[in-house]
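Novice:
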Amino acid sequence: MISPVAPAQQPNMTGETGPITASLPVDMTIAGFFAIACYNCVEILISLLNRFRRHDSLYFWSIVVATLGIVLHSIVVLLRYYSLGPNFPLAALTCVGWYGMVTGQSVVLYSRLHLIVSDRAKTRWVLVMIITDFFILHVPVTVMFLGSNTRQSSRFLPAFNLYERIQLAGFSIQETIISGLYIWEASRGLKPIFAIRRTTERKVIRHLIIVNVLVVLLDVSLIITQYLDHFQIATTYKPVVYSIKLKMEFVVLNKLLLLVRHRECNYTTCGAFFPPLPAVFEDEGTRPRWVEVDMPNITLDEVEQKVMAAKAWKAPGEDGLPAMVWKQLWPVAQDRVLHLFRTSLIDGVLPDQWRCAKIIQLKKPGKGNYAIAKPWRPISLLSTLGKILEAVVADRISYAVETFGLLPTNHFGVRKRRSAEQALLLFQEQVYKTWRNRKVVSLISFDVKGAYNGVFKERLLQRLEARGMPQWLVRWVGAFCSNRTASIVVNGHTSEQRELLQAGLPQGSPLSPVLFLFFNADLVQIRIDSKGGSIAFVNDYSAWVTRPTAEANRAGIQAIIDRALDWERRSGAAFEGGKTSFVHFTRNPERTSEAPLVIKGKEVKPKQSAKILGEVKNAKTTVQGTHGKNSGQRAVGGHKPKKTQDVTAPDSKNPDEVIARYSSTIGSRDDQNPAIRLYPRLAYKTPYFILFSIPEIRNLYLIKTRTFEVKL
1 MISPVAPAQQ PNMTGETGPI TASLPVDMTI AGFFAIACYN CVEILISLLN RFRRHDSLYF
61 WSIVVATLGI VLHSIVVLLR YYSLGPNFPL AALTCVGWYG MVTGQSVVLY SRLHLIVSDR
121 AKTRWVLVMI ITDFFILHVP VTVMFLGSNT RQSSRFLPAF NLYERIQLAG FSIQETIISG
181 LYIWEASRGL KPIFAIRRTT ERKVIRHLII VNVLVVLLDV SLIITQYLDH FQIATTYKPV
241 VYSIKLKMEF VVLNKLLLLV RHRECNYTTC GAFFPPLPAV FEDEGTRPRW VEVDMPNITL
301 DEVEQKVMAA KAWKAPGEDG LPAMVWKQLW PVAQDRVLHL FRTSLIDGVL PDQWRCAKII
361 QLKKPGKGNY AIAKPWRPIS LLSTLGKILE AVVADRISYA VETFGLLPTN HFGVRKRRSA
421 EQALLLFQEQ VYKTWRNRKV VSLISFDVKG AYNGVFKERL LQRLEARGMP QWLVRWVGAF
481 CSNRTASIVV NGHTSEQREL LQAGLPQGSP LSPVLFLFFN ADLVQIRIDS KGGSIAFVND
541 YSAWVTRPTA EANRAGIQAI IDRALDWERR SGAAFEGGKT SFVHFTRNPE RTSEAPLVIK
601 GKEVKPKQSA KILGEVKNAK TTVQGTHGKN SGQRAVGGHK PKKTQDVTAP DSKNPDEVIA
661 RYSSTIGSRD DQNPAIRLYP RLAYKTPYFI LFSIPEIRNL YLIKTRTFEV KL
């Protein structure tokens, strides 16, 4: 604030009347500062009105007030310096301009704080600081300043000279704190969120930090001029500094908007595809442990089999090399590739190129609004050479799982000799048995949100080790899940590669499905008996209980819910609330119940049907229809509700073709049941007759009819 007007002989302008007397250089400096401040303000107002279409934001009006405050303060100071108006009214206008210039600048900083600081407590604290400083610093100085411009100026002037310096230092500290908060959040808080190591974000944040450092330096220069007793220059220098800081606001705003756009992109794509982990996890506690499996080193035959089985031109990863390259190079590169694979497994390291994905998005059918990220499925296109090693490791793990029984038998996902159809038939048979015993089956179905991408790496490694995977393989899987990067392809445009802080398991890797089975194996590990059971297919999990009435089943279902939520808290996973379904299967309406369950404080009411592993199960008839989403359903006619099928009709499918198509899902039929080799014509109904023994199939085969009636 300008010092009170003084007689000409006093350098600090103490008193009420008389223009200042200064040398020509000082007068020219004052005039220059005045011109710069006014020019900057005019430019700010023009830019402001041109850039902002809406004028209802705090940011817009705080800049307007601060700019007009600078103009008012500059003009009034000039008029007072040269006695071009009545003293006391000009002194009052000086205070008004000072309020708008200083406090307006602080409000400008506050109004954009939310763009970079997500903690509301911090922004509220800044607002409280601005309001408090207004009363502590502005009000006393205003009283002293106006008192110094009266006939009793001697009573106010000494205190004013002291408190004015305190005021300037206080406001400078206030703005330094706010600017420092920007610098802190930009350099630390935004580093993990916006992948600061990438070129674009690094430049943006560097510019943001530099601008805020310059603001701090300008405040320091104000304090220095104030304490050097150059009152005339200091007073006219203040509007220049604040006008420069306001002009820099547009630079800061552009950078902040760029960061916000990156953040919105991150939240709407990466944020939807890779859900963040919760801040707190419950401990695993004491869990059963399997004996560590002895797994020998990989062989050349294993690797060669995967190289030759890979689709030659199927979508390559970021490196652009299709599998055909490795097929052609295999005769000369096989030894080097084998050595590379073995070294990677033994040392527990992977090349960065193998952990770099190009993510494309596929539509999930029937999901409605495709303008948001949720209805899209992210598929990671990976290095084909890395995928070959992943396929070899996946086969090794799958072999160990089936040989040593490392996973629950009721986990039907991505395992040979276990299909979704078998899981459904198993559940359906349990329902029929229950009905024959005049009881009710109550089922609840869960779906893990984010599935592969939401896997908590540390918990996965613990569960792999607990279920017998060798230490070297667990270490390699840890490297496989760490330091992953990805670019996202949207409408033909590919983003920069950026680090995935929560990468989970890449959806597109042949290794991810079997690893996910280990991740949720504890959830699925429930014995199937006359009292209940469970089935699962990857991330679809359904469990049921059996009692005489639906009401009697409530306690059992609630125990299942508690167990599932306990697994959720320990795993860092989340069940998708919209896909949780609850059904009572009964043919007697008197035994059902409409009482809802409570899950996480929300009521879930029983439904008349539920979609289990892609098939709609009705509460009274158990089969309502399907959408035929898996290959097994397509191979056997999609489970369409036909009650009879002529197995010898001319248009019936060739059993060998059916077996070949279906073996890709659940394995060879003759491996499961040798009766198939004896009675090949029954292979048409393989998914059903696989559950029968040889004598049972022999009896059916001897029936003198050409038509088999299969009741679903």
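Heads up: the sequence shown begins at 1 in the UniProt record's numbering, then just goes up one per residue. Cβ atoms here follow ideal geometry from the backbone N, Cα and C, with glycine treated the same way. Source: prediction; values computed, not measured.
So, under 8 Å CB-CB, ASP219 and SER148 are touching, yes? Tell me the CB distance rounded to an integer number of Å.
Specialist: Working through the sequence shown from its first residue, we reach residue 219 at position 219. Working through the sequence shown from its first residue, we reach residue 148 at position 148. About 25 Å; that fails the 8 Å criterion.
Novice: Express the C-alpha separation of TRP125 and ILE233 in angstroms, rounding to a whole number.
Specialist: Taking the sequence shown and counting its residues from 1, one reaches residue 233 at position 233. Taking the sequence shown and counting its residues from 1, one reaches residue 125 at position 125. Roughly 34 Å between the two C-alpha positions.
Novice: Taking the C-alpha atoms as reference points, what is the distance between LYS358 and GLU292?
Specialist: Here residue 358 refers to the residue found at position 358 of the sequence shown. Here residue 292 refers to the residue found at position 292 of the sequence shown. Distance between the alpha carbons of LYS358 and GLU292 is about 35 Å.
Novice: To the nearest angstrom, how far is the alpha carbon of SER111 from that of LEU246?
Specialist: Within the sequence shown, numbered from 1, the residue matching residue 111 stands at position 111. Within the sequence shown, numbered from 1, the residue matching residue 246 stands at position 246. C-alpha separation (whole angstroms): 13 Å.
Novice: Please state whether DSSP places TRP544 in a helix, a strand or coil.
Specialist: Counting from one through the sequence shown, the residue named residue 544 turns up at place 544. DSSP places TRP544 in strand when its eight states are reduced to three.
Novice: Take the Cβ of ASN453 as the centre, count every other Cβ of all protein chains shown within 10 Å, and call the residue buried at 16 or more, exposed below.
Specialist: Your numbering for residue 453 matches position 453 in the sequence shown. So ASN453 ends up on the buried side.
Novice: On the three-state DSSP scale, how would you describe SER593?
Specialist: Here residue 593 is taken as the residue at index 593 of the sequence shown, counted from 1. Looking at SER593 - three-state DSSP - the assignment turns out to be coil, as it is neither helix nor strand.
Novice: If you draw a straight line from the C-alpha of SER581 to the C-alpha of SER593, how long is it?
Specialist: Mapped onto the sequence shown, residue 581 falls at position 581. Mapped onto the sequence shown, residue 593 falls at position 593. Those two C-alpha atoms are separated by around 15 Å.
Novice: Could you work out which residue in ALA312, GLY468, GLY348, ASN297 is closest to THR403 when comparing CA atoms only?
Specialist: The residue labelled residue 403 in the question sits at position 403 within the sequence shown. Answer by Cα proximity: GLY468.
Novice: What whole-angstrom Cβ distance do VAL538 and ALA400 have, given they're in contact under 8 Å?
Specialist: Looking up residue 538 in the sequence shown gives position 538. Looking up residue 400 in the sequence shown gives position 400. Wrong, their Cβ atoms sit about 19 Å apart, outside the cutoff.
Novice: Reducing DSSP to helix, strand and coil, say where GLN525 ends up.
Specialist: Position 525 of the sequence shown, counted from the start, is the residue given in the question as residue 525. GLN525: coil per DSSP, three-state reduction.
Novice: Between which two residues does the alpha helix (DSSP H) harbouring GLN422 extend?
Specialist: By 1-based counting over the sequence shown, the position of residue 422 is 422. Looking at the DSSP string, the run of the alpha helix (DSSP H) that includes GLN422 is 420–436.
Novice: Going by beta carbon distance, what residues of the same chain come within less than 7 Å of GLY180, once the five residues before and after it are set aside?
Specialist: As a position in the sequence shown, residue 180 is number 180, starting the count at 1. Correct list: empty, nothing qualifies.
Novice: Relative to the alpha-carbon of PHE427, which residue among ASP347, PHE519, PHE585 has its alpha-carbon at the smallest distance?
Specialist: Residue 427 sits at position 427 when you count from the first residue of the sequence shown. Nearest C-alpha to PHE427: PHE585.
Novice: Do you know how far the Cα of PHE33 is from the Cα of PHE135?
Specialist: Mapped onto the sequence shown, residue 135 falls at position 135. Mapped onto the sequence shown, residue 33 falls at position 33. About 29 Å.
Novice: What does PHE575 pair with, by DSSP beta-bridge criteria?
Specialist: Position 575 of the sequence shown, counted from the start, is the residue given in the question as residue 575. Answer by DSSP bridge pairing, in chain order: VAL448.
Novice: With a 10 Å radius around its C-beta and 16 neighbouring C-beta atoms as the bar for buried, classify HIS411 as buried or exposed.
Specialist: Taking the first residue of the sequence shown as position 1, residue 411 is located at position 411. Result: buried.
Novice: For SER132, count the other beta carbons within 10 Å of its own beta carbon; 16 or more makes it buried, fewer makes it exposed. Which is it?
Specialist: Locating residue 132 in the sequence shown gives position 132, where the first residue counts as 1. What sits at residue 132 in the sequence shown is Thr, not Ser. Classification of THR132: exposed, given that the 10 Å Cβ count is below 16.
Novice: Should PRO474 and LEU464 be called a contact, given that it needs their Cβ atoms to be closer than 7 Å?
Specialist: Looking up residue 474 in the sequence shown gives position 474. Looking up residue 464 in the sequence shown gives position 464. Correcting the residue type first, residue 474 is Val in the shown sequence and not Pro. Yes. Within cutoff.
Novice: If you reduce the DSSP assignment to three classes, tell me which class PRO378 lands in.
Specialist: What you label residue 378 is simply residue 378 of the sequence shown in a count that begins at 1. DSSP places PRO378 within a strand segment (E or B) once states are collapsed to three.
Novice: Give the C-beta separation of ILE70 and ALA37 to the nearest angstrom, bearing in mind that I take them to be a contact with Cβ-Cβ under 8 Å.
Specialist: Position 70 of the sequence shown, counting from 1, holds the residue named residue 70. Position 37 of the sequence shown, counting from 1, holds the residue named residue 37. Their Cβ separation, rounded to whole angstroms, is 6 Å, which keeps ILE70 and ALA37 in contact under 8 Å.
Novice: Tell me, please, whether the stretch 378–387 touches the stretch 342–355 by the rule of three or more beta-carbon pairs shorter than 8 Å.
Specialist: yes
Novice: Helix, strand or coil for THR580? Go by DSSP, reduced to three states.
Specialist: Mapped onto the sequence shown, residue 580 falls at position 580. In the three-state DSSP reduction, THR580 falls in the coil class, being neither helix nor strand.
Novice: Expressed to the nearest angstrom, what Euclidean distance is found between the alpha-carbon atoms of TYR59 and ARG51?
Specialist: Position 59 of the sequence shown holds residue 59. Position 51 of the sequence shown holds residue 51. Taking the straight line from one Cα to the other gives about 13 Å.
Novice: Let me make sure I understand the geometry here. Which of ALA31, ILE30, THR67, THR29 has the alpha-carbon closest to that of ILE46?
Specialist: Looking up residue 46 in the sequence shown gives position 46. Residue THR67 is the option with its Cα nearest to ILE46.
Novice: Using 8 Å as the threshold, is the stretch 84–102 in touch with the stretch 139–153, meaning 3 or more CB pairs across them?
Specialist: yes
Novice: By alpha-carbon positions, which one of SER74, LEU24, VAL26 ends up nearest to VAL42?
Specialist: Position 42 of the sequence shown holds residue 42. Of the candidates SER74, LEU24, VAL26, the one whose C-alpha sits nearest the C-alpha of VAL42 is SER74.
Novice: Examine the Cβ distances between the stretch 294–310 and the stretch 334–342 and report whether three or more of them are shorter than 8 Å.
Specialist: yes
Novice: Out of GLY556, GLU590, LEU362, ARG355, state which residue places its alpha-carbon closest to the alpha-carbon of GLY504.
Specialist: The sequence position of residue 504 within the sequence shown is 504, counting from 1. The candidate whose alpha carbon is nearest that of GLY504 is ARG355.
Novice: Do you know how far the Cα of GLU304 is from the Cα of LEU329?
Specialist: Position 329 of the sequence shown holds residue 329. Position 304 of the sequence shown holds residue 304. Cα to Cα, LEU329 sits roughly 12 Å from GLU304.
Novice: Is the beta carbon of LYS364 less than 7 Å from the beta carbon of PRO375?
Specialist: Translated into the one-based positions of the sequence shown, residue 364 becomes position 364. Translated into the one-based positions of the sequence shown, residue 375 becomes position 375. Yes, the Cβ-Cβ distance between LYS364 and PRO375 is below 7 Å.
Novice: Hey, would you say GLN507 sits closer than 7 Å to SER380, going by beta carbons?
Specialist: Position 507 of the sequence shown, counting from 1, holds the residue named residue 507. Position 380 of the sequence shown, counting from 1, holds the residue named residue 380. Closer than 7 Å, so yes.
Novice: Are the beta-carbon atoms belonging to LEU511 and ALA394 less than 7 Å from one another?
Specialist: In the sequence shown, residue 511 corresponds to position 511, counting from 1. In the sequence shown, residue 394 corresponds to position 394, counting from 1. Taking 7 Å as the Cβ cut-off, LEU511 and ALA394 qualify as a contacting pair.
Novice: Going by other Cβ atoms of all chains shown within 10 Å of its Cβ, with 16 needed for buried, is ASP522 buried or exposed?
Specialist: Indexing the sequence shown from 1 puts residue 522 at position 522. The residue in question, ASP522, is buried, as its Cβ has 16 or more Cβ neighbours within 10 Å.
Novice: With a threshold of 8 Å, are at least 3 pairs of Cβ atoms found where one atom belongs to the stretch 538–548 and the other to the stretch 469–488?
Specialist: no
Novice: From ASP529, LEU362, SER530, GLU175, pick the residue whose C-alpha is nearest to that of SER106; which is it?
Specialist: By 1-based counting over the sequence shown, the position of residue 106 is 106. Cα-wise, what sits closest to SER106 is GLU175.
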